[in-house]
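Numbering (mature numbering (1 follows the signal peptide of the UniProt record, and there is no 0)), first residue to last: -19 to -1, 1 to 733.
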């Protein structure tokens, strides 16, 4: 690592010297560097002027990618790794951080709540890709602008806004419709949206419905899979209790991942009122819901009896509907309260999720329900003067949880009380924070930014029945924390074709109710119990960015970073009432708990290249590498959530008339050695291959893909493509379900 960093540093110095001798600064003509971002500092800003590594999906890129859900769209970029435990999943990983250690933000409102877990999350799929105007990914600390949880970065979803009628136009109406079919899972998606606008009032209504059938894995063997190993295939599927007993039915089509399908619908409604040029009011309503969807990784687990008989471990293991409701009021003002811009957002979110599981040929079906209510406040006060920008703000989050549980006898129908996932009394988490950021255009070549965030966070949990939740020894759990984040960055434009940037920043994550107060079966025959003594996790990160561009013909961005991750929360062996084992849902389990490890280190390198080879031909490529280790004295062990090296390579052809775009590309992942897995964390080596921890780890893989889009008229666009052309069977790192096999898709979009 030292040699790599030294070499990269020398390379940077050489580039700086070359750039300094080049022409004087001119305006960047690259469309990529001139993209306006709204997420980096919660204000409009060109990528040219940012120090944080970012990339963006514009509306046109989202439409061309044409993915089944938001998680698949992020993975399509070749710059975000995505884990899946089931088809209805998708947990993005940024710089080795995942789930509750990265931020999901929609329309400036944080989605992260008090039960975002440390393991893997599927909340990103509750954001409708059809309704997006743009999606922005911030790599690296995001706590300065968004608060707790921003260790690895933030994914910022910006939904479409209503459009007013043009001046002098009394009113107008527009709309869009889209349909799509995918063969790998018999996917059928339908979308429609309507916009109605007058000079001062506008309304946008959007609706999407998707059906995802059982997912088919690839039929052809991965050439990187060792000859003596194989991927896990569910050789049996269970016909749930139908009278006397469960029935395990042989799967005669092992590439078909039975009981992995689900349905989803998404609704967006916005109203915009703009009485004059100095203020704007928006009401924002979003609803996302699914049917039940099975936890496929758990359904693929098998038990071997004393007589050698192999049977499924679970007859049922499924999530209830993934429900997300958001209601928000946005105010945008100009030239008010002494500021050039003023923003205010008040939001309420209601999130419901549940878990349901029953062992094979057992009568008890365990139900756990969680309901979250969260209110948030975000304010921005922005002032421009001379060469400076001052941005002040106050944020608040007030969240509440009710956790309930039951045991249902599927034979008699009798229901009884069961242990809850979280404390069965009151659970809440509140944060109040203030921040200030500053930008200074020192010279035409040099821009500096700095900032600070200070805050207070409190969590509280109480227990009503110690038999239901016997972990707090008869007392309520209460925790208060003061939080802070600092950031500094410098942009240097030594010549018209170079951008150099350096930054140093801190981030933090306050242990939420899920981290500090949860009990759950993390792995087979292991149970993780609460730890009331956890402290906030913290990081210090240093970035260096070197970008070379030649007009709009070439953009080559290279970023190297290092992160010191201290008070890191990891999983370790624990005790319950002085014992290392306890009975949980009828199984004797080893006890684990969350602890603040001494420290961890991460470093990595990423590179992205876009080059126009000719007027009609474009080449693009990405490369991402992350290294992470937990430090305990002189002993090092792998940090979990670290994906293997991954990226994307593609060639696109654009027709001369501008109506068509066609692309051939490959997504690739390198091998993840078994020795690089964290055995006690969330890397899921047991799902990597049949051999699990006794194997060689996760094999490398790649896919070949083709897709195209053509505008038949100004209002009609046809799209088609083939993903995983070779029909290769493979799994993505830490996933519990195999990736789709060959997927032939067709789609049509119509404007009206």
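Where a beta carbon is used, it is the ideal one built from N, C-alpha and C, also for glycine.
Treat the numbers as computed from the prediction; the structure is a model and nothing was measured.
{"Query": "Enumerated in chain order, which unbroken segments of the beta strand (DSSP E) with a length of 3 residues or greater are wholly contained in the region 54 to 92?", "Result": "62 to 64, 72 to 75, 84 to 87"}
{"Query": "For residue 40 and residue 727, what's the separation of their Cα atoms in angstroms?", "Result": "19 Å"}
{"Query": "Quick check on residue 316: buried or exposed, where buried means 16 or more other Cβ atoms within 10 Å of its Cβ?", "Result": "exposed"}
{"Query": "From which residue to which residue does the beta strand (DSSP E) around residue 724 run?", "Result": "724 to 732"}
{"Query": "With C-beta atoms as the reference, is residue 340 less than 8 Å away from residue 296?", "Result": "yes"}
{"Query": "So, are the CB atoms of residue 64 and residue 713 less than 8 Å apart?", "Result": "yes"}
{"Query": "Tell me which residues share the same chain as residue 401 and place their Cβ nearer than 7 Å to its Cβ, disregarding the 5 neighbours each side in the sequence.", "Result": "349, 384, 385, 386, 449, 450"}
{"Query": "When DSSP labels each residue in this structure, what does residue 408 get in the three-state scheme?", "Result": "strand"}
{"Query": "Ends of the beta strand (DSSP E) at residue 251?", "Result": "243 to 257"}
{"Query": "According to DSSP, is residue 184 helix, strand or coil?", "Result": "strand"}
{"Query": "Express the C-alpha separation of residue 81 and residue 715 in angstroms, rounding to a whole number.", "Result": "16 Å"}
{"Query": "Can you check whether the CB of residue 347 is closer than 8 Å to the CB of residue 399?", "Result": "yes"}
{"Query": "Measuring alpha carbon to alpha carbon, tell me which residue in 294, 507, 118, 292 is nearest residue 570.", "Result": "507"}
{"Query": "Look at the alpha carbon of residue 673 and the alpha carbon of residue 211, and state the distance between them as a whole number of angstroms.", "Result": "10 Å"}
{"Query": "What's the C-alpha gap between residue 729 and residue 414?", "Result": "46 Å"}
{"Query": "Within this structure, are the beta carbons of residue 810 and residue 708 separated by less than 8 Å?", "Result": "Residue numbering for the chain in the displayed model covers -19 to 733; residue 810 lies beyond these limits and cannot be assessed."}
{"Query": "Can you tell me whether residue 673 is helix, strand or coil according to DSSP?", "Result": "helix"}
{"Query": "To which residues of the same chain is residue 46 closer than 6 Å at the C-beta, ignoring the five residues directly before and after it?", "Result": "54, 57"}
{"Query": "Quick check on the DSSP output: the beta strand (DSSP E) that includes residue 45 runs from which residue to which?", "Result": "From DSSP, residue 45 is part of no beta strand (DSSP E) but of the alpha helix (DSSP H) over 40 to 46."}
{"Query": "Counting along the chain, where does the beta strand (DSSP E) carrying residue 124 start and finish?", "Result": "Here residue 124 belongs to no beta strand (DSSP E); instead the alpha helix (DSSP H) covers 124 to 127."}
{"Query": "Given residue 247, which residues of its chain have a CB within under 6 Å of its CB, disregarding the five upstream and five downstream residues?", "Result": "109, 189, 269"}
{"Query": "Buried or exposed for residue 660, going by 16 or more other Cβ atoms inside 10 Å?", "Result": "exposed"}
{"Query": "Determine whether the beta carbon atoms of residue 137 and residue 38 lie at a separation below 8 Å.", "Result": "no"}
{"Query": "With C-beta atoms as the reference, is residue 717 less than 8 Å away from residue 67?", "Result": "yes"}
{"Query": "In whole angstroms, what separates the C-alpha of residue 488 from that of residue 395?", "Result": "49 Å"}
{"Query": "What does DSSP give as the partner residue(s) for residue 403 in the beta ladder?", "Result": "The partner list for residue 403 (beta bridge, DSSP) is empty, contrary to what the question assumes."}
{"Query": "When burial is assigned at 16 or more other CB atoms within 10 Å of the CB, is residue 558 buried or exposed?", "Result": "exposed"}
{"Query": "Entirely within the region 568 to 655 and at least 4 residues each: give me those alpha helix (DSSP H) ranges in chain order.", "Result": "none"}
{"Query": "Shortest alpha-carbon distance to residue 519 belongs to which of 306, 578, 527, 292?", "Result": "578"}
{"Query": "By the DSSP assignment, the beta strand (DSSP E) with residue 279 in it spans what residues?", "Result": "Premise fails: residue 279 lies in the alpha helix (DSSP H), 277 to 280, not in any beta strand (DSSP E)."}
{"Query": "Are residue 22 and residue 126 touching if we call contact CB-CB under 8 Å?", "Result": "yes"}
{"Query": "So residue 630 and residue 602 are supposed to be a Cβ contact under 8 Å. How far apart are they, rounded?", "Result": "5 Å"}
{"Query": "Starting from residue 496, trace the beta strand (DSSP E) both ways and give me its first and last residue.", "Result": "Where residue 496 is concerned, there is no enclosing beta strand (DSSP E), although the alpha helix (DSSP H) it sits in stretches over 494 to 498."}
{"Query": "Based on the DSSP output, what are the partners of residue 704 in its beta bridges?", "Result": "724"}
{"Query": "Which same chain residues end up closer than 7 Å to residue 203 when comparing Cβ atoms and leaving out the 5 residues on each side of it in sequence?", "Result": "680, 682, 709, 710, 711"}
{"Query": "Check whether chain D comes within 8 Å of residue 322, counting only Cβ atoms and requiring the distance to be less than that.", "Result": "In summary, chain D is missing from the structure at hand, where a single protein chain is found."}
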